[in-house]
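Colleague:
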Amino acid sequence: MSQKSSYEHISVDLKVDNRKPRMVPYKFEYNPHKKGGWWVPLLSIFVALIICAVFILLNGMNPITIYTKMFQGAFGSSFGISETIVKAIPLLLCGLGVAIAYRIAIWNIGAEGQFLLGAIGATAVTIFLPDLPGALYIPLMLIMGIAAGAIWGLFTALPRTYFQVNELITSLMLNYVALLLLNYLVYEAWRDPAGFNFPGTPEFTPYQMLANIGGTRLHIGLVFALFAVAVLAFMLTKTRWGYELKLLGANSIAAKNAGIKMNKHILIVMMISGGLAGFAGAIEVSGVAGRLMYGISPGYGYTAIIVAWLAKLNPWAMIMTSLFIGGLIVGGYSVQSMGLPLSFSSMLQGAILFCLISGEMISGYRLKKIN
Amino acid sequence: MKKLLITVLCMALIFVLGACSQATEKETTKSEGNKGSETTEKKVPRVAFVYIGVPTDGGWTKTHDEGRELVDKTFGIKSTTVESVPEGPDAERVIEELAQDHDIIFTTSFGYMDPTISVAKKHPDVLFMHATGYKTAENVGTYQTKGYESGYLSGLAAGAITKNKKIGYVGAFPIPEVIYTINAFTLAAQSVNPDTKVNVVWSNTWFDPTAERQAAISLLDKGVDVLANYQDSPAGIQAAAKRGVWGMGNDADMSEYAPETYITNPVIHWGPYYVEVVQSWIDGTWKSESYLGGIKEGMADIAPFGKNVPKKVQDLVNEKKQEMADGKFEVFKGPIYDNKGKLRVAEGETMSVEDILAMDWLVKGVNGTIPK
Amino acid sequence: MDMVQLILAAAISGGTSLLFAVLGGILNEKAGVINLGTEGIMLIGAVISAIFYLQTENLFVTFLVMLVASGLLGLLHAFLCITIRANQIVSGLAVTLFGTGLSAYLGKSVAGVPIPVSIPKIELSLLDSIPFLSIFSELDIFIWMSIALSIILYLYMYKTSWGLHLKAVGDNPSTSDAMGISVTAFRYFHVVVGAMLMGVAGFYLIMVYSPNWIEGMTSGRGWIAIALIIFARWNPIYALFGAYFFGGLDSLGFRMQIYNFDIPSYFLKMIPYLATILVLMFSGWKNRHKPSIEPKSLGNPYFREQRF
Chain A
190 MSQKSSYEHI SVDLKVDNRK PRMVPYKFEY NPHKKGGWWV PLLSIFVALI ICAVFILLNG
250 MNPITIYTKM FQGAFGSSFG ISETIVKAIP LLLCGLGVAI AYRIAIWNIG AEGQFLLGAI
310 GATAVTIFLP DLPGALYIPL MLIMGIAAGA IWGLFTALPR TYFQVNELIT SLMLNYVALL
370 LLNYLVYEAW RDPAGFNFPG TPEFTPYQML ANIGGTRLHI GLVFALFAVA VLAFMLTKTR
430 WGYELKLLGA NSIAAKNAGI KMNKHILIVM MISGGLAGFA GAIEVSGVAG RLMYGISPGY
490 GYTAIIVAWL AKLNPWAMIM TSLFIGGLIV GGYSVQSMGL PLSFSSMLQG AILFCLISGE
550 MISGYRLKKI N
Chain B
20 MKKLLITVLC MALIFVLGAC SQATEKETTK SEGNKGSETT EKKVPRVAFV YIGVPTDGGW
80 TKTHDEGREL VDKTFGIKST TVESVPEGPD AERVIEELAQ DHDIIFTTSF GYMDPTISVA
140 KKHPDVLFMH ATGYKTAENV GTYQTKGYES GYLSGLAAGA ITKNKKIGYV GAFPIPEVIY
200 TINAFTLAAQ SVNPDTKVNV VWSNTWFDPT AERQAAISLL DKGVDVLANY QDSPAGIQAA
260 AKRGVWGMGN DADMSEYAPE TYITNPVIHW GPYYVEVVQS WIDGTWKSES YLGGIKEGMA
320 DIAPFGKNVP KKVQDLVNEK KQEMADGKFE VFKGPIYDNK GKLRVAEGET MSVEDILAMD
380 WLVKGVNGTI PK
Chain C
21 MDMVQLILAA AISGGTSLLF AVLGGILNEK AGVINLGTEG IMLIGAVISA IFYLQTENLF
81 VTFLVMLVAS GLLGLLHAFL CITIRANQIV SGLAVTLFGT GLSAYLGKSV AGVPIPVSIP
141 KIELSLLDSI PFLSIFSELD IFIWMSIALS IILYLYMYKT SWGLHLKAVG DNPSTSDAMG
201 ISVTAFRYFH VVVGAMLMGV AGFYLIMVYS PNWIEGMTSG RGWIAIALII FARWNPIYAL
261 FGAYFFGGLD SLGFRMQIYN FDIPSYFLKM IPYLATILVL MFSGWKNRHK PSIEPKSLGN
321 PYFREQRF
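Residue numbers (the working numbering), protein chains in the order written: chain A, 190 to 560; chain B, 20 to 391; chain C, 21 to 328.
1) Is there a Cβ from chain B that is less than 9 Å from the Cβ of ILE485(A)?
2) Express the C-alpha separation of THR135(B) and TRP289(B) in angstroms, rounding to a whole number.
3) With DSSP collapsed to three states, give me the class of TYR279(C).
4) Tell me the DSSP secondary structure of ASN53(B) in three-state form.
5) For PRO230(A), which option in ALA497(A), THR492(A) and GLN525(A) has the closest C-alpha, if you only look at C-alpha atoms?
6) So with CB distances below 7 Å, who are the chain B contacts of VAL477(A)?
7) How should ARG308(C) be labelled, buried or exposed, when 16 other C-beta atoms within 10 angstroms of its C-beta is the threshold for buried?
8) Note down, one range per segment and in chain order, each alpha helix (DSSP H) of at least 4 residues found wholly within the region 283-312 of chain C.
9) Looking at chain B, is there any beta carbon in it that lies within less than 9 Å of the beta carbon of GLY262(C)?
10) Rounding to the nearest angstrom, what Cα-Cα distance links ASN440(A) and PRO284(C) in this structure?
11) Could you name the residues that DSSP lists as bridge partners for ALA156(B)?
12) Could you tell me whether any Cβ in chain C is nearer than 9 Å to the Cβ of MET250(A)?
13) According to the neighbour-count rule (16 or more other Cβ atoms, all chains shown, within 10 Å of its Cβ), is THR47(B) buried or exposed?
14) Would a check of beta-carbon distances place GLY539(A) closer than 9 Å to chain C?
15) Taking Cβ-Cβ distances below 9 Å as the criterion, which residues of the region 511-534 of chain A are in contact with chain B?
16) Between the Cα of ALA124(C) and those of GLY60(C), ILE172(C) and VAL88(C), spot the shortest distance and give me the residue it belongs to.
17) Since MET267(B) and GLY77(B) should fall inside the 8 Å C-beta cutoff, what is the C-beta to C-beta distance between them, to a whole number of angstroms?
18) Within the same chain, show all residues whose beta-carbon is closer than 7 Å to that of LYS258(A), passing over the 5 residues directly before and after it, in chain order.
19) Who are the neighbours of ARG275(C) on chain D, taking C-beta pairs under 7 Å?
20) Just the C-alpha distance for GLU366(B) and TYR310(B), rounded to the nearest angstrom, thanks.
21) Could you check which residue in TYR351(A), LEU415(A), ILE253(A) and GLN261(A) has the C-alpha nearest to that of LYS453(A)?
22) For a contact meaning CB atoms closer than 8 Å, what does ASP129(B) contact in chain A?
23) Hey, THR164(B) and MET148(B): beta-carbon distance below 9 Å or not?
24) Can the beta-carbon of ALA51(C) be found closer than 9 Å to that of ALA245(C)?
25) Residues of chain C with CB under 7 Å from GLN257(B), in chain order?
26) Which residue's Cα is closest to the Cα of THR312(A): PRO504(A), ILE485(A), VAL474(A) and GLY490(A)?
27) Where does the unbroken beta strand (DSSP E) through LEU246(B) begin, and where does it stop?
28) Determine whether the Cβ of ILE136(B) lies closer than 9 Å to any Cβ atom of chain A.
29) Can you tell me which residues form a DSSP beta bridge with GLY187(B)?
30) Could you check the C-alpha separation between ALA188(C) and LEU248(C) for me, to the nearest Å?
31) Rounded to the nearest angstrom, what separates PRO322(A) and THR394(A) at their Cα positions?
32) May I ask you to list the residues that DSSP assigns as paired with ASN386(A)?
33) Just to check my reading of the structure: THR280(B) and ALA260(B) have Cβ atoms closer than 8 Å, yes? What is that Cβ distance to the nearest angstrom?
34) Got a sec, what are the start and stop residues for the beta strand (DSSP E) PHE393(A) sits in?
35) Could you confirm whether any beta carbon from chain C is found closer than 9 Å to the beta carbon of LYS361(B)?
36) Does ILE551(A) have its Cβ less than 9 Å from a Cβ in chain C?
The following block contains the structure:
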């Protein structure tokens, strides 16, 4: 335990060659523990908006009108707000899953595949058990979804723990396998025979759908997602398990020396991570889509990484960031009438990420006078 | 004791979850009595289009966007368009949003069917037109083109041009609209050139130029001398042109991608019908219908012939086109056998439109299979 | 030509674009920087090529401009990962998002416009008569370029002192720093050059494969390239075969359809991904007591004064 955390107080000299005499009696000192707080994400969003505004201006349009329209589309009406929340639910759940893995430096980029497996697992219940008593469907579908996602997450964790295979690679590969599996199911094996060959399963019955809230498309999945946030936040801060994860995340070698079993934690964390994404998938099919169909995820698993990162991996903050990114996507459709392509919103997302990660690191630097 | 408690808790959880399904909600039936709100004075229609792709896709969405342009020009309006809307949850949101401040909404892909119907229920005073679907409602009409007629005409040209009687066809997915086009195409090719074989490969994608090209090359390697493509991108035509093989595309005129080797292909003119729909809305005469437009109606058509297509071939096709326009020709007239030898349409019979639109078998002479 | 040769020919033409992207990715990762921005850089490479070729009709100028544009994206990634030490995964994701969006934005004016380009071919009529090699008798120069590049990179990485430095930088930056190698400069150089190669992948796609710009035309091939890097075990020669294997699978699937083999193509397409995982597991198990083959500091930023 005597080993110091390797990240503590590393001072960095921005000049390449430090043998030369210093011209300025100042230097930058890097301290990851003093990184900027809540204002960094806000500032980076602001800077990203300005960068993209330049592109809009170059296109001969008024950025303020565009942004206003985007904001109105996402948050300007009760309809917009409800749709933004609908979009935020899967992002929030996947983001939670991604974040918990990232907390112990497990780079799970497989939330997309785990999401799809969750959707497939939930749908399997409707396909293979057509005659269940109605009230059993939703619990079974959700459980199957979580289980399928967790198993998919385990497929990433097992090669990592027992065969030293980088989880980044496995999770990425499994995304493709999941996508191909989904396509096989919706185009061939589970295709609705009465659907004129439309690539999707038969429509769910009302018993297989989550209840809606107040006549909108907003569904009870919101409650589940918020519940997941609370549980996860509690587990991370108030339990021994959460404490061990924190140690692992800060310094894996020190944690190992302290007797924390890395492999066990990786397995558990990846199951939770996959389970959460699978939960999102199950909720998405039973809450909004109403059937398993091709393209069920427009990249939720990848977007979730932005959600998690914007929130600095904090579960509570992810409620805000998932709403923000959800709004960005919803608003992205609204600005099309003004002549911007849909891809503008992904450009904006990219720019925000750029600013965020650089802002985060820059804010860790302090200008110090050299004695 | 602890185990029992956990079991009880789990049961309780399942019970609670079970109560979360939609079916346990009270049915909220809305009265639909407010239809026909009188707006006789201002009749400038607010029109919107929902696209599956981008207007520059060179295929399906481009044809709809051309239709939109005609509407805009005719009525001096500027229609709203929303592009790249995925079929599924996003579609419902986009359509709902449009329904709040538009009068007529064209949803231009099959997968928008359920979202369109569900939004239409909530907006009885908005007119919805859904392309290629089969569900209508009081305020939802559907429209579709007789792709098999233009497919037949393309097949005639292909059959007249092929020398080795081997034609290749890259189909996107084995869905009825592609299947009946290929069948019509094959029947036509055989009518001018008996024993012609049409080799079909499914690319399993609407949009992936690299895969489409690979599919095309696999057929070109088999030695086909005409290559037709039911795809949105011109990758197949371009691959054929590179080997000096005749090429045909789908939906939009694709001659510019292979000027030397282009024959023709089915195209769709939605414009006149769109104008008609908007006009009937203005006049207050619109009624829900399932419209099917063929050569006669001018909705289905073929692109202008490529510059190297022999005059004889052009005449042959134009003659048949005239016959169709006069309503004297049926594409699927018996006897028709499928490619497993089964008689599908008996001598003297003609297939009904319903049967055509649900076709799931390939005619004799097509070398290919439909999965499952 | 018989079936095998035809598939091989299709595999070569189908795999070449992938190969460029994979080689670029190998350079990145060997230097210890993972680049998930491949898809975005390929798209930018493709759209810039389309725009400039339509303007200038000059292949060489287009190629150069494309190199600069994709190199700039690489520079951005390098700056974030190396100088600012941001998380490489998030940075790569940002590059892909930004590149996808920007390419669609820039490409609006040239979408669907056919690009009248013909890529010069190298004709080796000598090979025509040799049974198996005849498929090499008429390949375009970029295919030869990609093959040559694989070999050059292989020699560079395993046979030159720079290559050994590169390995050191990717494996153990603090040691190489102690040896007097500038880790920062090395990483910058390889990330930027790698990104340029990814741009070439996009260039090849639009100039040879499908000569007109269509939004999102890579349709996921950048991600496949990332998978291939690992499949090829960071070895440029393996990458050559890996790219052709991936490229050939598509073509094989279509040919099986023609000859009425009834295997759902979805499972056929899963093979490379599953094979990659299995191969990695096997070699991980075999080498469980040895250091792993992947660049050891992959994904980690280098803090210079970290050597205590």
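All C-beta atoms, glycine included, are put in the ideal place defined by N, C-alpha and C. Source: prediction; values computed, not measured.
Modeller: Taking the structure as given:
1) Looking up residue 485(A) in the first sequence gives position 296. Cβ-Cβ to chain B under 9 Å: yes for ILE485(A).
2) Along the second sequence, one-based indexing puts residue 289(B) at 270. Along the second sequence, one-based indexing puts residue 135(B) at 116. Looking at the two C-alpha atoms, the distance is approximately 19 Å.
3) The sequence position of residue 279(C) within the third sequence is 259, counting from 1. Looking at TYR279(C) - three-state DSSP - the assignment turns out to be coil, as it is neither helix nor strand.
4) Taking the first residue of the second sequence as position 1, residue 53(B) is located at position 34. Any reading at ASN53(B) is ruled out, since the residue's pLDDT is 42, under 50, leaving its predicted position unreliable.
5) As a working note, residue 230(A) is residue 41 in the first sequence. Of ALA497(A), THR492(A) and GLN525(A), the residue nearest in Cα terms is ALA497(A).
6) Locating residue 477(A) in the first sequence gives position 288, counting from the first residue. PRO108, listed in chain order.
7) Taking the first residue of the third sequence as 1, we reach residue 308(C) at position 288. Answer is exposed; the Cβ neighbour count stays below 16.
8) As far as the region 283-312 of chain C is concerned, its whole alpha helix (DSSP H) runs of at least 4 residues are 285-306.
9) Indexing the third sequence from 1 puts residue 262(C) at position 242. Output row for GLY262(C): interface = no.
10) For the purposes of this step, residue 440(A) is taken as the residue at position 251 of the first sequence. For the purposes of this step, residue 284(C) is taken as the residue at position 264 of the third sequence. So the two alpha carbons sit approximately 47 Å from each other.
11) As a first step, residue 156(B) must be located in the second sequence, where it is residue number 137. In the DSSP output, where bridge partners are listed per residue, ALA156(B) has VAL159(B).
12) The count along the first sequence starts at 1 and reaches residue 250(A) at position 61. Closer than 9 Å: no.
13) As a position in the second sequence, residue 47(B) is number 28, starting the count at 1. In this prediction, THR47(B) has a pLDDT of 41, which is less than 50 and means its spatial position is unreliable; what the coordinates show is noted afterwards. Taking every protein chain shown into account, the CB of THR47(B) has fewer than 16 other CB atoms within 10 angstroms, so this residue is exposed.
14) In the first sequence, counting from the first residue as 1, residue 539(A) sits at position 350. Yes, GLY539(A) counts as interfacial toward chain C.
15) ILE518, VAL519, TYR522, SER523, GLN525, SER526, PRO530, LEU531 and SER532
16) Residue numbering aside, residue 124(C) sits at position 104 when the third sequence is read from its first letter. For ALA124(C), the nearest C-alpha among the options comes from GLY60(C).
17) As a working note, residue 267(B) is residue 248 in the second sequence. As a working note, residue 77(B) is residue 58 in the second sequence. 14 Å between Cβ atoms; not a contact.
18) Reading the first sequence from its first residue, position 69 is the one you call residue 258(A). For LYS258(A), where only same-chain residues beyond five positions count, the Cβ hits under 7 Å are SER523, VAL524 and MET527.
19) The chain labelled as chain D is not found among the protein chains of the depicted structure, namely A, B and C.
20) If you number the second sequence from 1, residue 366(B) lands on position 347. If you number the second sequence from 1, residue 310(B) lands on position 291. Those two C-alpha atoms are separated by around 28 Å.
21) Counting from 1 along the first sequence, the entry for residue 453(A) is found at position 264. Considering only alpha carbons, the answer is TYR351(A).
22) For the purposes of this step, residue 129(B) is identified with residue 110 of the second sequence, where counting begins at 1. This sequence places Phe at residue 129(B); Asp is not what is there. Near PHE129(B) (Cβ distances below 8 Å), the residues of chain A are PHE385 and PHE387.
23) On the second sequence, position 145 is the one that residue 164(B) refers to. On the second sequence, position 129 is the one that residue 148(B) refers to. No. Outside cutoff.
24) By 1-based counting over the third sequence, the position of residue 51(C) is 31. By 1-based counting over the third sequence, the position of residue 245(C) is 225. Contact: no.
25) In the second sequence, residue 257(B) corresponds to position 238, counting from 1. Under the 7 Å cutoff, chain C gives SER230 and PRO231.
26) If you number the first sequence from 1, residue 312(A) lands on position 123. Measuring from the Cα of THR312(A), the nearest candidate turns out to be VAL474(A).
27) Within the second sequence, residue 246(B) is the residue found at index 227, counting from 1. Unbroken beta strand (DSSP E) run through LEU246(B): 245-249.
28) Here the question's residue 136(B) lines up with position 117 in the second sequence. Closer than 9 Å: no.
29) Here residue 187(B) refers to the residue found at position 168 of the second sequence. Bridge partners of GLY187(B): ASN218(B) and LEU246(B).
30) Within the third sequence, the letter at position 168 stands for residue 188(C). Within the third sequence, the letter at position 228 stands for residue 248(C). Cα-Cα distance, rounded: 22 Å.
31) On the first sequence, position 133 is the one that residue 322(A) refers to. On the first sequence, position 205 is the one that residue 394(A) refers to. So the alpha carbons of these two residues sit roughly 12 Å apart.
32) Along the first sequence, read from residue 1 onward, the residue named residue 386(A) stands at position 197. ASN386(A) pairs with nothing; no bridge assigned.
33) Residue 280(B) sits at position 261 when you count from the first residue of the second sequence. Residue 260(B) sits at position 241 when you count from the first residue of the second sequence. Confirmed, about 5 Å.
34) Position 204 of the first sequence, counted from the first residue, corresponds to residue 393(A). Note, PHE393(A): premise wrong, no beta strand (DSSP E); not H, not E.
35) Taking the second sequence and counting its residues from 1, the one referred to as residue 361(B) is at position 342. By this cut-off, LYS361(B) is not an interface position.
36) Numbered from 1 along the first sequence, position 362 holds the residue referred to as residue 551(A). Contacts with chain C at 9 Å (Cβ-Cβ) include ILE551(A).
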